[in-house]
Amino acid sequence: MTDKIAVENLTEQEARDELARLARVIAAANTAYHTDDAPEISDAEFDALKARNNRIESLFPHLKRPDSPSDVVGAPTAEGFGKVKHAVRMMSLGNAFDDVEVSEFDGFVCGYLGQPVGSVSYTAEPKIDGLSLSLRYERGKLVQAATRGDGETGENVTENAKTISDIPRQLADAPEILEVRGEVYMSHADFDALNQRQAAQNEKQFANPRNAAAGSLRQLDSEITRARPLRFFAYSWGELSTALAETQFEAIKRLKKLGFQTNSLTKLCQSQDEMLAHYRMIEQQRATLGYDIDGVVYKVNDLKLQGRLGFRSTTPRWAIAHKFPAELAWTRLEGIDIQVGRTGALSPVARLQPVTVGGVVVSNATLHNEDYIAGRDSKGNQIRDGKDIRVGDWVQVYRAGDVIPKIADVDLSKRPETADPFIFPDKCPECGSDAIREEGDAVRRCAGGIICPAQAVEKLKHFVSRGAFDIEGLGAKQVEQFYKDGWISGPADIFTLRERFGSGMQQLKNREGWGEKSANNLFQAIDSKRTISFSRLLFALGIRHVGEAASTLIARHYGQWGLFEQAMQNAAGLSGPDWEELLSIDGIGEVMARSLVTAFSQDSERAGIDALVAHLDIEEAEQPDSAGSPVAGQTVVFTGTLEKMTRAEAKARAEALGAKVSGSVSKKTDILVAGPGAGSKEKKAKELGIRILDENGWLTLIGDA
Ligand code: IVH
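Going by numbering that gives the first Met the number 0, 21 is the number at position 22 of the sequence shown; the sequence numbering is gapless.
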């Protein structure tokens, strides 16, 4: 029996057999534990099986099975929580900071739908300052609870969620599949009591109820969670087998009827005035509610309209968070440091005498750039929001949500006589290269490129960060150390670490904080990221202006990495069909497009990308909703007047179905949707023999008629 043989002594054939056996046994144990709620083996035995599987895989990487238990999500492991892929992405919300932005939101919604302003109604409810949780019920039974994570994949915290008394474990009259989403939070009273208990036991105190709630929910031992009084408000849903209602307001009522706590300050509003009045009412009650809220969320009430509005890459078009004004506090500016970021930007950071703002101790704040500090631009003109900030000044700091603290004001009456204007460096403080400010750029940048250690390290830190390669055991600290030791100088080097240092691992093992187990785990974690999605890879490259959302849009548009790379090279001259195509992607502007094309045409940057890609297996991007879509992968052009939807809606809908929408007709066009008044585009399409549909024909084709 292969299960009796020590891993080191397994022959290749035995290893193959043993991996097959482990895959079977672990899958059965998972089912017994998660689906049947009747574990057949102890957690320790389970962990030992998984560890054995992982050890064999690390010795025989080529034998790793497609159904390897090391890739299976949803099972809690000794190292942390299991991962859960959300059936429906968990979104975040766009923000409005004042009445005008709320009005613009309503204007946008009505415009998108082609309806007069004032004709759409919204729900308004408090925005709870906790952490979101998705609860999955199958046939009325709570089967899984998952945190938001990166929106696509969260952590499996089922056992912990079961200890929260606001969360029913069994529902009567629920849809067969029901994912309820809402916020886990801690009340002020419970928070104070918890901190007192922590203090009495010499344990760490929590900075605010949100941190306490997050720390309590993410305990590996659910008995600790049980002892922490957490609560839950339901406000949304994910996958559903049947709709809860026709409107947001009725759906929330239904959730309440099913046994969830819903917020009693949820109101149905018929106009902007009513929305703003409700916001003020909630704001007045804020201090006495007994739990933290940080704004009011408005949601389009009609669920059909929500469906038409759909989502941008990370936020719904049909909802917005109207945030409360940030809290403010005065403190002294003790110094100004200059940090060099991954794109070489020199960022001034205020070192502050620590002060509590909104429940969090703040000791740093961003100072943006040199004009902001000087209060004047390079030509000597007073700039908007420019402050003339000097070391020694009294400054007012504010925090809005998770955003980095900023400086709101300077008290000139308290300025010490010795306070001189700050002189911004013109050399990089890290590598001594010239720090250059280009015409029209507010930011001064180090010209050292990859020879600047700060830029190289920041690029690497970004590369391994959560939204990027997210390599367990290789965080900012380790990257800094490995870089300093000369073990890695660019992303590709991460993937040759095992080759270079793996044998015997003597060098790594001798390092403080590293043992055989952690070194092995690191190599395994790196191996597990050799297969990576297109969008993560692109985001990880840290190309200026190209964030997570843009990376997703680009990945969806091009599908395959090879096609994208080729297109970027073809677009090197910033003209021609590939350049036009890049610009036609909704959400990609000219600045970002230039940055992308430059990254792929500059020799040194390209060489780095090529070296990295050689170690990777890049997954094709999924087309959202496009399974079975009749237009997936096709290029569509809209022209003329559309009567049943606005142009923006038509484009978003087509893209959601996996089509590419282009502004001009060419040989690449598959379908032209021509409304009344179509002119030259229709003529050209006819000449090229392209399929031409009217609006109804298009709606019939995509099943929306
Ligand atoms: S609705 C698709 N409603 O705010 C829309 N979110 O900043 C899903 N939040 O991730 C969100 N209270 O964790 C919604 N009443 C409320 C909320 C709320 C708090 C959180 C939620 C979300 C975050 C976005």
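Using N, Cα and C, we set each Cβ at its ideal position, and we do this for glycine too.
Here the structure is a predicted model, which is why all the values come from computation and not from measurement.
Practice task
Tell whether a beta-carbon distance below 9 Å holds between residue 331 and residue 391.
Solution key: Residue numbering aside, residue 331 sits at position 332 when the sequence shown is read from its first letter. Residue numbering aside, residue 391 sits at position 392 when the sequence shown is read from its first letter. Their beta carbons are under 9 Å apart, which means residue 331 touches residue 391 by this criterion.
Problem - Inter-residue Cα distance where the pair is residue 278 and residue 91 - result: Stepping through the sequence shown from its first residue, residue 278 is reached at position 279. Stepping through the sequence shown from its first residue, residue 91 is reached at position 92. Cα-Cα distance, rounded: 20 Å.
Exercise for the section: Report yes if the C-beta distance between residue 560 and residue 612 is below 9 Å; otherwise report no. Expected result: In the sequence shown, counting from the first residue as 1, residue 560 sits at position 561. In the sequence shown, counting from the first residue as 1, residue 612 sits at position 613. Their beta carbons are under 9 Å apart, which means residue 560 touches residue 612 by this criterion.
Practice task
Determine the DSSP secondary structure at residue 318, reduced to helix, strand or coil.
Solution key: Taking the sequence shown and counting its residues from 1, one reaches residue 318 at position 319. In the three-state scheme derived from DSSP, where H, G and I count as helix and E and B as strand, residue 318 is classed as strand.
Handout entry: With 16 other Cβ atoms within 10 Å as the buried cut-off, status of residue 648
Key = Taking the first residue of the sequence shown as 1, we reach residue 648 at position 649. Around the Cβ of residue 648, a 10 Å sphere holds 16 or more other Cβ atoms; the residue is buried.
Practice task
Please confirm if the stretch 165–177 is in contact with the stretch 134–145, defined as three or more CB-CB distances below 8 Å between the two stretches.
Solution key: Output reads yes: the stretch 134–145 touches the stretch 165–177.
Practice task
Using a threshold of 9 Å, state whether the C-beta atoms of residue 290 and residue 184 are closer than that.
Solution key: By 1-based counting over the sequence shown, the position of residue 290 is 291. By 1-based counting over the sequence shown, the position of residue 184 is 185. One thing to note: residue 290 has its Cβ within 9 Å of the Cβ of residue 184.
Practice task
Indicate whether residue 244 and residue 327 have their beta-carbon atoms separated by less than 9 Å.
Solution key: Position 245 of the sequence shown, counting from 1, holds the residue named residue 244. Position 328 of the sequence shown, counting from 1, holds the residue named residue 327. No Cβ-Cβ contact shorter than 9 Å links residue 244 with residue 327.
Handout entry: Sequence-distant residues of its chain with Cβ nearer than 7 Å to residue 654 (five each side left out)
Key = Position 655 of the sequence shown, counting from 1, holds the residue named residue 654. Same-chain partners within the cutoff: 585 and 660.
Exercise for the section: Would you list the residues sitting across from residue 121 in a DSSP beta bridge? Expected result: The sequence position of residue 121 within the sequence shown is 122, counting from 1. DSSP lists 268 and 299 as partners of residue 121.
Problem - Per-residue burial, residue 201 [other beta carbons within 10 Å of its own, 16 or more giving buried] - result: Within the sequence shown, residue 201 is the residue found at index 202, counting from 1. Exposure of residue 201 is indicated by the presence of fewer than 16 other C-beta atoms within 10 angstroms of its C-beta.
Practice task
Would you check whether the ligand IVH has a heavy atom nearer than 8 Å to the C-beta of residue 585?
Solution key: Translated into positions along the sequence shown, residue 585 becomes position 586. No, since every heavy atom of the ligand IVH falls outside the 8 Å radius drawn around the Cβ of residue 585.
Exercise for the section: Answer yes or no: the CB of residue 290 versus the heavy atoms of the ligand IVH, is any distance below 8 Å? Expected result: For the purposes of this step, residue 290 is identified with residue 291 of the sequence shown, where counting begins at 1. Result no, Cβ not under 8 Å from the ligand IVH.
Practice task
Using 10 angstroms around the beta-carbon of residue 352, count the other beta-carbons present and answer buried if the total reaches 16, otherwise exposed.
Solution key: By one-based count along the sequence shown, residue 352 stands at place 353. With a 10 Å radius around the Cβ and a threshold of 16 neighbouring Cβ atoms, residue 352 comes out exposed.
Handout entry: Run of the beta strand (DSSP E) containing residue 618, from where it starts to where it stops
Key = For the purposes of this step, residue 618 is taken as the residue at position 619 of the sequence shown. From DSSP, the beta strand (DSSP E) with residue 618 extends over 616–618.
Exercise for the section: For the beta strand (DSSP E) containing residue 363, list its first residue and its last residue. Expected result: Against the sequence shown, residue 363 aligns to sequence position 364. DSSP places residue 363 inside the beta strand (DSSP E), whose first and last residues are 359–365.
Exercise for the section: In the DSSP assignment, find the unbroken alpha helix (DSSP H) run with residue 134 in it and report its ends. Expected result: Mapped onto the sequence shown, residue 134 falls at position 135. Unbroken run through residue 134 is the beta strand (DSSP E), 130–137; no alpha helix (DSSP H).
Practice task
Give the single residue among 236, 271 and 266 whose Cα lies nearest to the Cα of residue 259.
Solution key: Here residue 259 refers to the residue found at position 260 of the sequence shown. Ranking the options by Cα distance to residue 259, first place goes to 236.
Practice task
Report yes or no: do three or more beta-carbon pairs, one from the stretch 84–101 and one from the stretch 201–218, lie closer than 8 Å?
Solution key: With a cut-off of 8 Å, the stretch 201–218 and the stretch 84–101 do not count as touching, because too few Cβ pairs lie within range.
Practice task
Return the CA-CA distance between residue 481 and residue 610, expressed in angstroms with no decimal places.
Solution key: As a first step, residue 481 is located in the sequence shown; it is residue number 482 there, counting from the start. As a first step, residue 610 is located in the sequence shown; it is residue number 611 there, counting from the start. Take the alpha-carbon of residue 481 and the one of residue 610: they are about 19 Å apart.
Exercise for the section: Report yes or no: do three or more beta-carbon pairs, one from the stretch 592–605 and one from the stretch 569–579, lie closer than 8 Å? Expected result: Counting Cβ pairs under 8 Å, three or more are found: they touch.
Practice task
Look at the Cβ atom of residue 309, then the Cβ atom of residue 631, and state whether they are nearer than 9 Å.
Solution key: Translated into positions along the sequence shown, residue 309 becomes position 310. Translated into positions along the sequence shown, residue 631 becomes position 632. In this structure, residue 631 does not lie closer than 9 Å to residue 309 by Cβ.
Exercise for the section: Could you tell me which residues DSSP pairs with residue 375 in its beta bridges? Expected result: One-based indexing of the sequence shown puts residue 375 at position 376. Looking at the DSSP assignment, residue 375 forms a beta bridge with 381.
Handout entry: Residue span of the alpha helix (DSSP H) that contains residue 109, given as start and end
Key = Along the sequence shown, one-based indexing puts residue 109 at 110. First-last of the alpha helix (DSSP H) with residue 109: 98–112.
Practice task
Identify whether residue 332 lies in helix, strand or coil by the three-state DSSP scheme.
Solution key: For the purposes of this step, residue 332 is taken as the residue at position 333 of the sequence shown. In this structure, DSSP gives residue 332 an extended state, which the three-state scheme calls strand.
Problem - Burial state of residue 322 (16 or more Cβ within 10 Å) - result: As a working mapping, residue 322 is identified with position 323 in the sequence shown. With 16 or more other Cβ atoms inside 10 Å of its own Cβ, residue 322 counts as buried.
Practice task
Quick one: grab the DSSP three-state call for residue 541.
Solution key: Taking the first residue of the sequence shown as 1, we reach residue 541 at position 542. The DSSP-derived three-state label of residue 541 is coil.
Exercise for the section: Measure the C-alpha to C-alpha separation of residue 19 and residue 529 and round it to an integer number of angstroms. Expected result: Mapped onto the sequence shown, residue 19 falls at position 20. Mapped onto the sequence shown, residue 529 falls at position 530. Those two C-alpha atoms are separated by around 22 Å.
Problem - Between the CA atoms of residue 89 and residue 190 - distance to the nearest angstrom - result: Looking up residue 190 in the sequence shown gives position 191. Looking up residue 89 in the sequence shown gives position 90. Here the alpha carbon of residue 190 sits roughly 27 Å from the alpha carbon of residue 89.
Exercise for the section: Could you tell me if residue 168 is buried or exposed, where buried requires 16 or more neighbouring beta carbons within 10 angstroms of its beta carbon? Expected result: Within the sequence shown, numbered from 1, the residue matching residue 168 stands at position 169. Exposed, by the Cβ-count rule.
Exercise for the section: Buried or exposed for residue 238, please, with buried defined as at least 16 other CB atoms from any protein chain shown within 10 angstroms of its CB. Expected result: On the sequence shown, position 239 is the one that residue 238 refers to. By the neighbour-count definition (other C-beta atoms within 10 Å, threshold 16), residue 238 is an exposed residue.
Problem - Alpha-carbon to alpha-carbon, residue 527 and residue 4 - result: As a first step, residue 4 must be located in the sequence shown, where it is residue number 5. As a first step, residue 527 must be located in the sequence shown, where it is residue number 528. Straight-line Cα distance between these residues: approximately 25 Å.
Exercise for the section: Helix, strand or coil for residue 576, going by three-state DSSP, please let me know. Expected result: Reading the sequence shown from its first residue, position 577 is the one you call residue 576. The answer is helix: DSSP assigns residue 576 an H, G or I state.
Exercise for the section: Verify whether the separation of the beta carbon atoms of residue 664 and residue 636 is less than 9 Å. Expected result: In the sequence shown, counting from the first residue as 1, residue 664 sits at position 665. In the sequence shown, counting from the first residue as 1, residue 636 sits at position 637. Yes, these two residues count as a Cβ contact at 9 Å.
Exercise for the section: Hey, could you find the ends of the beta strand (DSSP E) residue 560 is sitting in? Expected result: For this step, residue 560 is matched to residue 561 along the sequence shown. Annotation for residue 560: no beta strand (DSSP E) segment contains it, though the alpha helix (DSSP H) segment containing it runs 560–569.
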